[in-house]
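Trainee: Numbers 168 to 1051, taken from the working numbering, label the letters of the sequence shown in order. For each residue, glycine too, the CB sits at the ideal point set by N, CA and C. Remember, it's a predicted structure, so these values are computed and weren't measured experimentally. Just dropping this structure here.
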Amino acid sequence: GLNSDLKNPLYDSKLKELDTSVISEWVLELVQSGKITKIKDTGSELLDHKWFGMWMAEVHGTLGKIMLQSSEVENLRDTSVQGLTYEWAVEFDGFEVKKWAKKRITDPYEAMRFKICELLGSEGPKTLEELSERLPFPNSQIESILHELEVRNVISVGFYLQTNDAEFILRVDEHKITGGEGDIVSYRALQNLILEKSFKLYNDPYKAFTSHIMFQKPQEMLERVSEFRFADWKDLQIDSDVIRGRLLHNRVGFTTLENLPMLLGLRPEPFMNELEQELYDKFEGDELLTRIELFEEYPKQSEDKAFHRQLRNALHNLERNLLLVNQFEEVQGRKRRVTLYRTTRNIKPLPFKESLLELIRRIGPIKPNTLRLYITRSVEELVDTLRDLEKAGQITKVLALQPEPTEFYCLPSDNKKLNTHSREDRKIRILTQSDPFCSRFIWEIRNILKSGWYLPVFKGTDAIGKILMFKINDYLEIKDMQIPYSYLEEFMDSFETYLENYKDQLVDIALISNFNGEPIVDSDEIVREQFERIGFKISGNRMIRGGVISPMSREKAERVLFYNHNLHQDSRMPNETSALTSISEIRDDFALRGRCEMYRVDLKSMAASERLHTGINLRNHNTYAPLKYFQKLLSIRDTDLYDLQGVDDENYDSLIEALEFFDKNSDPKLFMDRNDMKRSEFRKLIRPLIRNGYIIQDYREGFKTVNKVTELELWDLKKKFLIETLAQFPTITLKQFSKLAGPSFKPEELKSVLFDLESDDVLIKGFLIDDLNEVCWGRKDELEKSDTLSPMRDFVLPPSDPLNPYFTDICRQRFGFGTAYLVFHNGEPVAAFKANTRNATIDVTDWEAGKDENIAWRIVKEFAWEHQMPLTSQVRIAGRIIKK
């Protein structure tokens, strides 16, 4: 910088040859072009009111403000920078400042790093003592930065101007003065060029694909596509132009069909054995086939395991050689997307030379050894092609110190950028280890941050910290977060964006336990304030975002659940008729019997008097319910007749005729006689209609066409149905809600309803059940009344009960059954069993119980007595097998 009198004692020898008027003209010209300015209020008289270049003004303003504060810390990155500002001139009248503006200080570490490099670059080698004289900071801080710069191959230590004390010099300068050959570029400049190319921002995700090889996770697009959200990733995956495959050696990722010619050109022509060729020939053109369709002509796995293993291996080899790629399709009424296979037969690979040039354009500068990670051709062919491209002037070779001179290949246009000075990108980014930029320097990153599974945090090209974060069920568990204090505020802004995007994946609760290796509750006030700024709040010894921690015992919560569903002894209905009116659908007598004190007439006998129909519910079970209920279910399914499985051009007209007939008639025999059909043909015809709720069986054992509800919009109908489903549940997880609602509802629809109820203060969200690592939605008023209810009676919950999907996870985790009879003792499930109920007998075929086996078996006996059915077993229970 220059003092106000346009002098600088450090550069007197250079300035004395220039006339003051010349310097004044230059300064005035630079002021008018906005390239220099003045600063003040830096805390140092040596810096105030001096002339600096715009970037150097920020550097010196920052160093001046932290000079006193930094003496208390060993590492500059631990300096707190919140609220620190200085002033710089923004408007001039000649040499006089007309207007000052406040400016927040920049990154202290970056300012010190740049100042040291600028000193060594402009003045040559310096000893530590000389650097300490020029930089009024503790030696420990200067040594720390010098050591890091040495590790990053930016500077070297040696004896250059004298032999008494070691001197520091820029690595590039050392290479030149020690007789090194070739034009050397800074390795940091090379990294910055790769950073700039990698994180170029696009408005369209498809344009991002054309500049990269592939993407593996939505986090990788977050910093490369403007206004990108995780929700857009799902739309990309089902796009017809996007494919997934083993694109690089064994790395699976997503790219577009447009990129396949280049990727295929990087591979040699593949070899296929007989079975692989047979699978490959099943595809015609760009035909899409499912795995089931590929394997349908071969024996099933249960018939020939060895051959089926060969089939799977053949399919994997075709994928590995990029002969097959995947595309995805969403199917209505199905939660998971369908995976489809297609061949790359009709895609013409680019010549290897063109593919290699395009690869270097996208990811260069790149070392020849690194190219081996992207190419499966022979080393000799790669070397020859690189030589030909270099001779043709299409690529050029640059040398960077790493620490020895290392060759990198890039385009000539990239080489020009390497020799152009520009300000570094110092944005904070939260990346994954698979990120295209991060994976290029993964060994350097692991050297700094150590090995392990974590999310690395970058500021520009520097790895500054890491986040140890896991997605557990439907919340984020942040075990630890190691971030320097000086970057805390800027990091929190990026982290908030990161967490907000997880809401698109139905994850909106985050828990943090530690920060920088210490419990979060022991962190200082500044750290806690920053977490609170983005929505965290203290709960116990952790901080939570997006929910509450208010656990209660599972037994108490389920006590309220059973009370609301008339299974509790204090809420059971007096008889079966009143029990039937209290429930929207019921599957059998077992489910209805538990809800009433007295059971006089079975369900089949009540069907006529209560005008009940039987049909398929949303969970694909046969159930009893009124006609209006089935009309509602058909409207919710919202499936077109032609899209149903089993419907084709041959039977479509017959199905329409059946729907029209049973809209006014119910006798199936009349329909069969009219169409000259056998009963087996009739059953085969109407099976798709029954399975999808278009036809139900009426209480006279005839058939009835179901018509859709037209009074409400589809979403209003769905929302009303879901709210009614939730009404009787004191607590529920998203997984339980999904099982209760059935496959007709997408998780996003379920979450939307839960969010609306939470916004209306109907539900609370968080960790509401002891020892349950899942987010629950609950009704606070319902949970509070659990203490007023008496303990739950011992009972058996049959698999046909509407509540059974609620306990699916417990049934599977504790007892290993997908669905079964659950035995409850003191409100806790203590056993589960499978049983056949044919011939009016409960025949237990499988049994799982813990230490309370005798008690559980007593409860099962009471259950059989209540239903007036004999009890037998095919397995040993409580030490014996029960025969008839």
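With a CB to CB cut of under 7 Å and the five nearest residues on each side skipped, what residues in its chain are close to residue 674?
Mentor: Only 638, 641, 642 and 643 meet the Cβ criterion.
Trainee: Would you call the segment 486 to 497 and the segment 523 to 541 touching, i.e. three or more CB-CB distances under 8 Å?
Mentor: Segments in contact, no.
Trainee: For a minimum of 4 consecutive residues, which ranges assigned as the alpha helix (DSSP H) are wholly contained in the segment 529 to 608?
Mentor: As far as the segment 529 to 608 is concerned, its whole alpha helix (DSSP H) runs of at least 4 residues are 535 to 538, 546 to 558, 579 to 585 and 603 to 607.
Trainee: Taking buried to mean at least 16 other C-beta atoms within 10 Å of its own C-beta, is residue 708 buried or exposed?
Mentor: Per the 10 Å Cβ criterion, exposed.
Trainee: Is the segment 293 to 311 touching the segment 340 to 349 in the sense that three or more CB pairs, one from each, lie closer than 8 Å?
Mentor: The segment 340 to 349 vs the segment 293 to 311: no contact.
Trainee: Taking the straight line between their C-alpha atoms, what separation do you get for residue 210 and residue 611?
Mentor: Approximately 37 Å between the Cα atoms of the pair.
Trainee: Sort 765, 711, 836 and 869 by Cα distance to residue 779 and report the nearest one.
Mentor: Among 765, 711, 836 and 869, the Cα nearest to that of residue 779 is on 869.
Trainee: From residue 956 to residue 1020, what distance separates their C-alpha atoms?
Mentor: If you take the alpha carbons of residue 956 and residue 1020, they lie about 27 Å apart.
Trainee: Are residue 529 and residue 378 close, meaning C-beta to C-beta below 8 Å?
Mentor: A contact, by the Cβ cut-off of 8 Å.
Trainee: Closest to residue 1000 by CA distance: which of 744, 980 and 966 is it?
Mentor: Considering only alpha carbons, the answer is 966.
Trainee: Is it the case that the CB of residue 232 approaches a heavy atom of the ligand FMN more closely than 7 Å?
Mentor: Absence of the ligand FMN from the depicted structure is noted, as is the absence of any ligand whatsoever, leaving it without description.
Trainee: Taking a contact to mean a Cβ-Cβ separation below 8 Å, would you say residue 763 touches residue 741 in this structure?
Mentor: Yes, these two residues count as a Cβ contact at 8 Å.
Trainee: Could you pull out every unbroken beta strand (DSSP E) segment of at least 3 residues lying fully inside the segment 349 to 434, listed in chain order?
Mentor: Here the runs fully enclosed are 409 to 415 and 418 to 423.
Trainee: In chain order, what are the residue ranges of uninterrupted beta strand (DSSP E) at least 3 long that sit wholly in the segment 790 to 871?
Mentor: Runs of the beta strand (DSSP E) inside the segment 790 to 871: 862 to 864.
Trainee: For residue 1053, count neighbouring C-beta atoms within 10 Å of its own C-beta (all shown protein chains included) and say buried if the count is 16 or more, exposed if not.
Mentor: The requested residue 1053 does not occur in the structure, where the chain is confined to residues 168 to 1051.
Trainee: Is it buried or exposed, residue 775, if we count other Cβ atoms within 10 angstroms and call 16 or more buried?
Mentor: With fewer than 16 Cβ atoms within 10 Å of its Cβ, residue 775 is classed as exposed.
Trainee: Mark residue 819 as exposed unless 16 or more other C-beta atoms lie within 10 angstroms of its C-beta, in which case mark it buried.
Mentor: So residue 819 ends up on the exposed side.
Trainee: Just to confirm, is the Cβ distance from residue 597 to residue 680 under 8 Å?
Mentor: In this structure, residue 680 does not lie closer than 8 Å to residue 597 by Cβ.
Trainee: Hey, would you say residue 561 sits closer than 8 Å to residue 622, going by beta carbons?
Mentor: Not in contact: residue 561 and residue 622 (Cβ atoms no closer than 8 Å).
Trainee: Please go through the same chain and pick out, in chain order, the residues whose beta-carbon is closer than 7 Å to the beta-carbon of residue 439, but skip the five residues on each side of it.
Mentor: Excluding positions up to five away in sequence, the list reads 447.
Trainee: Cα-Cα, which of 249, 516 and 805 is closest to residue 879?
Mentor: The residue with the shortest Cα to Cα distance from residue 879 is 805.
Trainee: Under 8 Å, do residue 603 and residue 365 count as touching if we go by C-beta distance?
Mentor: In contact: residue 603 and residue 365 (Cβ atoms closer than 8 Å).
Trainee: Quick check on residue 458: does DSSP put it in helix, strand or coil?
Mentor: Of the three classes helix, strand and coil, the one that applies to residue 458 here is helix, per DSSP.
Trainee: Would you kindly work out how many angstroms separate the C-alpha atoms of residue 445 and residue 507, rounded to a whole number?
Mentor: So the alpha carbons of these two residues sit roughly 18 Å apart.
Trainee: Kindly provide the ranges of any alpha helix (DSSP H) runs that are 4 or more residues long and lie completely inside the segment 722 to 779, ordered along the chain.
Mentor: The qualifying runs are 743 to 748, 756 to 760 and 770 to 776.
Trainee: Which residue's Cα is closest to the Cα of residue 590: 226, 499 and 372?
Mentor: When only C-alpha atoms are compared, the closest one is 226.
Trainee: What does a CB cutoff of less than 6 Å around residue 941 pick up in its chain, not counting 5 residues either side in sequence?
Mentor: The answer, listed in chain order, is 640 and 900.
Trainee: Using 8 Å for Cβ pairs, my map puts residue 701 next to residue 659. What's the rounded Cβ distance?
Mentor: Confirmed, about 5 Å.
Trainee: Quick one: what's got a C-beta closer than 6 Å to residue 601's C-beta in the same chain, skipping five residues either side?
Mentor: Counting only Cβ-Cβ distances below 6 Å, and skipping sequence neighbours, we find 383.
Trainee: Taking only three categories from DSSP, how would you classify residue 914?
Mentor: Helix, per DSSP.
Trainee: Just the C-alpha distance for residue 1053 and residue 533, rounded to the nearest angstrom, thanks.
Mentor: Limits of the chain in this structure are 168 at one end and 1051 at the other, which puts residue 1053 out of reach.
Trainee: Could you pull out every residue in the same chain whose Cβ sits closer than 6 Å to the Cβ of residue 392, ignoring the five residues on either side in sequence?
Mentor: Taken in chain order, the residues that qualify are 369, 372 and 375.
Trainee: Which residues share a DSSP beta bridge with residue 231?
Mentor: Answer is none; residue 231 lacks a bridge partner.
Trainee: Am I right that residue 962 and residue 863 are in contact with their C-beta atoms under 8 Å? What's the rounded C-beta distance?
Mentor: Contact flag wrong, Cβ pair sits at about 31 Å.
Trainee: Touch check for the segment 271 to 282 and the segment 229 to 244: three-plus C-beta pairs under 8 Å?
Mentor: Cβ pair count under 8 Å is three or more, so yes.
Trainee: Is it buried or exposed, residue 494, if we count other Cβ atoms within 10 angstroms and call 16 or more buried?
Mentor: So residue 494 counts as buried.
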